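Residue numbers (the working numbering): 232 to 501. A virtual CB, placed ideally from N, CA and C, is assigned to each residue, including glycine. Values in this document were obtained by computation on a predicted structure and should not be read as measured data.
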């Protein structure tokens, strides 16, 4: 039986023991690129060159973040992996990692589609709902079916996400492609509900910390920069967002790697 408490203990030990290399990878691949992207987005203009540069930087941010998760997973999986080996693993497994991620994302998107269609047919205006505005001409029957669909879908998607916790570690350590999805389900057999709890806690804490950090940093930056310091505020908020995201990404990668190792020991005893 896999103990989530033991996984957390192992996660903390790995982070403490390999903090330097993990922080280096996070800084290079998850903090610098988003801040550069934010700086570029503060440049005013609509020229083709500027738009192309912004699009290129957005792609680099995505690729760098994916490479960071692979590299940090490699570091957390094997104490012999150094920074160069981790970056090499990031380059080598980037294609399969992105490919499998797109397959999973497409599956989730297709699962959401029927509910979105029902809400659209019901003439439900999501923008108005966010503003607490009135909804006119809404088909309540279709709206009810749409909301019921999402109510049923949410726990199912959360359960699937929980079963995919070790997916990245499988891709990195077993050099699998789409077959990593099935392998991930095998490794999480019997721990789905526990991992659902971990995911819920992770998301809640992440959102609370992210909201608090960006709000406080934004207010402080606005006070220091004055009314004409919009660029400074945007960069400060981008930096805070990158720092929080990087910190939680390190935690996610190490936890997933340690869960993978424990699950491998439990399901594939030597």
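Classify residue i: buried if its beta carbon has 16 or more other beta carbons within 10 angstroms, exposed otherwise.
| i | result |
| --- | --- |
| residue 404 | buried |
| residue 421 | exposed |
| residue 234 | exposed |
| residue 279 | exposed |
| residue 238 | buried |
In three-state terms, what does DSSP make of residue i?
| i | result |
| --- | --- |
| residue 395 | coil |
| residue 233 | coil |
| residue 356 | coil |
| residue 309 | coil |
| residue 255 | helix |
| residue 408 | coil |
| residue 368 | coil |
In whole angstroms, what is the alpha-carbon distance linking residue i and residue j?
| i | j | result |
| --- | --- | --- |
| residue 298 | residue 401 | 15 Å |
| residue 284 | residue 493 | 43 Å |
| residue 375 | residue 305 | 46 Å |
| residue 328 | residue 458 | 44 Å |
| residue 295 | residue 258 | 11 Å |
| residue 242 | residue 427 | 18 Å |
| residue 378 | residue 385 | 11 Å |
| residue 356 | residue 293 | 30 Å |
| residue 388 | residue 330 | 20 Å |
| residue 462 | residue 480 | 26 Å |
Considering only the alpha carbon of each residue, which of the options lies closest to residue i?
| i | options | result |
| --- | --- | --- |
| residue 491 | 309, 265, 247 | 309 |
| residue 474 | 232, 445, 272 | 445 |
| residue 314 | 324, 495, 303 | 303 |
| residue 483 | 398, 463, 450 | 398 |
| residue 350 | 370, 338, 472 | 370 |
| residue 245 | 495, 496, 488 | 488 |
| residue 319 | 390, 472, 301, 255 | 301 |
Is residue i close to chain C, meaning its C-beta is less than 7 Å from at least one C-beta of that chain?
| i | result |
| --- | --- |
| residue 460 | Given the protein chain composition of this structure (a single chain), no chain C is represented. |
Exercise. What runs of the alpha helix (DSSP H), each 4 residues or longer, lie entirely inside the stretch 417 to 474?
Worked result: Within the stretch 417 to 474, the complete alpha helix (DSSP H) runs of at least 4 residues fall at 423 to 456.
For this session: Enumerate, from N- to C-terminal direction, the unbroken alpha helix (DSSP H) stretches of 4 or more residues contained entirely within the stretch 257 to 306.
Result: 263 to 272
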